[in-house]
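Residue numbers 8 to 255, in the working numbering, belong to the letters of the sequence shown in order.
We put the CB at the ideal spot given by N, CA and C, even for glycine.
Working notes, structure below.
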Amino acid sequence: MNARAEENSTEELAKKLANPVSSLISVPVQNTYTCCTGANNSSRFTTNIQPVIPFSLNADWNLIVRTIVPIIHQSSPAPDIGAKFGLGDTVQSFFLSPVKESDGIIWGAGPAFLWPTATNAMLGNQKWGAGPTVVVLKQMHGWTMGVLANHIWSFAGESDRQNVSATLIQPFISYTFPNTVGLSLNSEMTYDWTNEQWTIPVDLGISKVFTFGKQHVSLGVTGQYYARKPDNGPDWGARFTATFLLPK
8 MNARAEENST EELAKKLANP VSSLISVPVQ NTYTCCTGAN NSSRFTTNIQ PVIPFSLNAD
68 WNLIVRTIVP IIHQSSPAPD IGAKFGLGDT VQSFFLSPVK ESDGIIWGAG PAFLWPTATN
128 AMLGNQKWGA GPTVVVLKQM HGWTMGVLAN HIWSFAGESD RQNVSATLIQ PFISYTFPNT
188 VGLSLNSEMT YDWTNEQWTI PVDLGISKVF TFGKQHVSLG VTGQYYARKP DNGPDWGARF
248 TATFLLPK
């Protein structure tokens, strides 16, 4: 592959990476530090391992499986509560998405599941959950803009734990330059219907696709400001993401 063809290939990978339901196998490893919560102004460090794997069902439809497995270190939130380390709850989404765009619109929809994989009660809900998820976006001239949303209700689990009824709304907009540098603005806003509370972080990030040997990796950094949060929620956060790209 000549230098220009290689550049075009990398540009195409960067464009696909901005699309949550593209036909690209990717493995983001997302490291997020948040501060400061509770009486101790405690911090939390979360590593989300979140592979995105597309399956071709036929000439018209793809199935994209998106899994988020968190590994969490939570420092002591109060004087009488110690620090915890372990797995959090896993969220797995299945998007049925048409292969071809319709008027430039890309979309996917399906079910989302909450798996109670947390190794400690402080790191998860101890509930099984499920609900619908959908993503709609448009890409044009380097821009990607859209929204991803889901709602999860709990249906089983520990009876002494609070039921889960939570909505995630994630609007996003990004611009990818020809040299694969990307600028992004999004918010992973959630509404907890059980406690009637919003959590609204605003994320501003920059990323770039690099090639190490034959392996393409997108490296990015993001700053987070919490515009709205529960009383015990964090004030700010910082994120570093390494996404391994595995073109089919």
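From residue i to residue j, what does the alpha carbon distance come to, in whole angstroms?
i           : j           : result
residue 124 : residue 135 : 9 Å
residue 40  : residue 22  : 27 Å
residue 132 : residue 159 : 12 Å
residue 73  : residue 172 : 20 Å
residue 253 : residue 33  : 6 Å
residue 117 : residue 87  : 42 Å
residue 208 : residue 45  : 18 Å
residue 205 : residue 114 : 26 Å
residue 220 : residue 152 : 31 Å
residue 65  : residue 71  : 13 Å
For residue i, which three-state DSSP category applies?
i           : result
residue 16  : helix
residue 128 : helix
residue 228 : strand
residue 194 : coil
residue 55  : strand
residue 66  : coil
residue 138 : strand
residue 10  : Here residue 10 scores only 43 on pLDDT, less than 50, and its place in the model should not be relied on; the value that follows carries that caveat. The answer is helix: DSSP assigns residue 10 an H, G or I state.
residue 189 : strand
In or out: residue i buried (at least 16 other Cβ within 10 Å) or exposed?
i           : result
residue 142 : buried
residue 95  : buried
residue 31  : buried
residue 201 : exposed
residue 223 : buried
residue 109 : exposed
residue 217 : exposed
residue 146 : buried
residue 100 : buried
residue 179 : buried
residue 98  : buried
residue 225 : buried
residue 28  : buried
residue 239 : exposed
residue 227 : buried
Which same chain residues, not among the five before or five after residue i, have their C-beta less than 6 Å away from its C-beta?
i           : result
residue 92  : 80
residue 199 : 173
residue 211 : 192, 230
residue 53  : 39, 77, 79
residue 189 : 181, 183, 214
What residues in its chain sit with their C-beta under 8 Å from that of residue i, if we drop five residues either side in the sequence?
i           : result
residue 82  : 47, 49, 50, 51, 90
residue 68  : 103, 104, 105, 106
residue 137 : 118, 119, 120, 121, 159, 160, 162
Can you give me the Cβ contacts of residue i inside the same chain, cut-off strictly under 7 Å, excluding the 5 residues immediately before and after it?
i           : result
residue 127 : 91, 93
residue 58  : 34, 74
residue 169 : 201
Would the beta-carbon of residue i be found less than 6 Å away from any heavy atom of the ligand COA?
i           : result
residue 246 : Annotation note on the ligand COA: not contained in the displayed structure, which lists no ligands.
Item to check | 3-residue-minimum beta strand (DSSP E) runs that sit fully inside the segment 20-50, ordered along the chain | outcome: Complete beta strand (DSSP E) runs here, min 3: 32-44.
Next on the checklist: Just to confirm the assignment: which complete beta strand (DSSP E) runs, minimum length 3, are found wholly within the segment 142-182?
Outcome noted: Those beta strand (DSSP E) runs which fall completely within the segment 142-182 and span 3+ residues are 150-164.
Checklist entry - Can you list the beta strand (DSSP E) stretches of 3 or more residues lying completely in the segment 75-136, in chain order? => result Listed in chain order, the complete beta strand (DSSP E) runs (minimum 3 residues) inside the segment 75-136 are 91-94, 97-105, 112-122.
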